[in-house]
Every structure is written in C-alpha cells, then in structure tokens.
Amino acid sequence: MLEPAGPIHPSDPYVRRYWVAALGPSAVTELLRLVTAASRGAEVRLPRCLPALLRTGLVKVVDGCLGVVSMFPPVPEELRWRFPPALKAEHRRWLASAN
Numbered sequence: 013m014l015e016p017a018g019p020i021h022p023s024d025p026y027v028r029r030y031w032v033a034a035l036g037p038s039a040v041t042e043l044l045r046l047v048t049a050a051s052r053g054a055e056v057r058l059p060r061c062l063p064a065l066l067r068t069g070l071v072k073v074v075d076g077c078l079g080v081v082s083m084f085p086p087v088p089e090e091l092r093w094r095f096p097p098a099l100k101a102e103h104r105r106w107l108a109s110a111n
C-alpha cells in the first residue's frame, strides 16, 4: 500500500461520483479491488485498465509489484475535462466546501 495521496477514503461517495466520471466504472472498480487486496495482503490479477490507473498515480510499480494508494486525492484538473458541465459545477462546490 502506498502513502495516502489525499484525504478521500476509498469508500467515500466522492470516489463513485467523481472518479468514475473521470476514469470510467471499470477502472474505478479495478482500483477499488486493488485497494481491498492490498489492505488484505492478497495477490490479484493485473487489471485491464492498468495503464490508465498508472497514469493517475493512484497505482505505481514499486520493486516489481503494484502499489496502490490507501486514500485518494480529489480528481486532478487534467481529468476533469471529462465531466459534464453540471458535474463540473458540483465538483467546484465540493472543492470549495472541502477547503
């Protein structure tokens, strides 16, 4: 398990609302599967969406093994272009209330 990348717990509704919009449901499902496996020390098969997860920095290769963050950051600006306008506005309000 990697160091926390942010303040958001994997079970927080934020993950399913905003990270799914940014990465897609399959990638987030695989990410959460990796988080669960890492917390249990279990081995898992490599996810199909591994390249996308590696690009986010939420998953990294460490000493030949996959590491996954224990806590998530807010969706970065460079991924928010995928949000529809209403979700962008909602996310801006969420960020403002979180600070």
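If you want the working numbering, it's the 1-based position in the sequence shown plus 12. By construction, the Cβ of each residue, glycine as well, lies at the ideal position given by its N, Cα and C atoms. Please read these numbers as outputs of a predicted model, since none were measured by experiment.
Rounded to a whole number of angstroms, what is the C-alpha to C-alpha distance between residue i and residue j?
| i | j | result |
| --- | --- | --- |
| Tyr26 | Lys72 | 22 Å |
| Gly18 | Asp75 | 23 Å |
| Val56 | Arg45 | 8 Å |
| Met13 | Ala54 | 11 Å |
| Ala39 | Leu58 | 12 Å |
| Arg105 | Pro37 | 23 Å |
| His103 | Thr41 | 21 Å |
| Asp24 | Ala110 | 13 Å |
| Arg60 | Ala101 | 31 Å |
Measure the CB-CB distance between residue i and residue j and report whether it falls below 8 Å.
| i | j | result |
| --- | --- | --- |
| Pro107 | Pro86 | According to the sequence displayed, residue 107 carries Leu and not Pro. The answer is yes: Cβ separation under 8 Å. |
| Leu62 | Leu43 | no |
Using C-beta distances below 6 Å, list every residue in its chain close to residue i, excluding the 5 sequence neighbours before and after it, in chain order.
| i | result |
| --- | --- |
| Glu15 | none |
| Pro97 | none |
Have a look at the options and flag the residue whose alpha-carbon is nearest the alpha-carbon of residue i.
| i | options | result |
| --- | --- | --- |
| Trp93 | Ala34, Val56 and Arg28 | Ala34 |
| Arg67 | Thr41, Pro37 and Pro88 | Pro88 |
| Leu91 | Trp31, Gly53 and Arg104 | Trp31 |
| His21 | Ala98, Ser109, Arg60 and Leu70 | Leu70 |
| Leu99 | Arg29, Ser109 and Ala110 | Arg29 |
Taking 8 Å as the threshold (beta carbon to beta carbon), is residue i in contact with chain D?
| i | result |
| --- | --- |
| Val32 | The structure shown contains no chain D; it holds only a single protein chain. |
For this session: For the segment 80-100 and the segment 40-57, state whether three or more C-beta atom pairs, one from each stretch, are separated by less than 8 Å.
Result: yes
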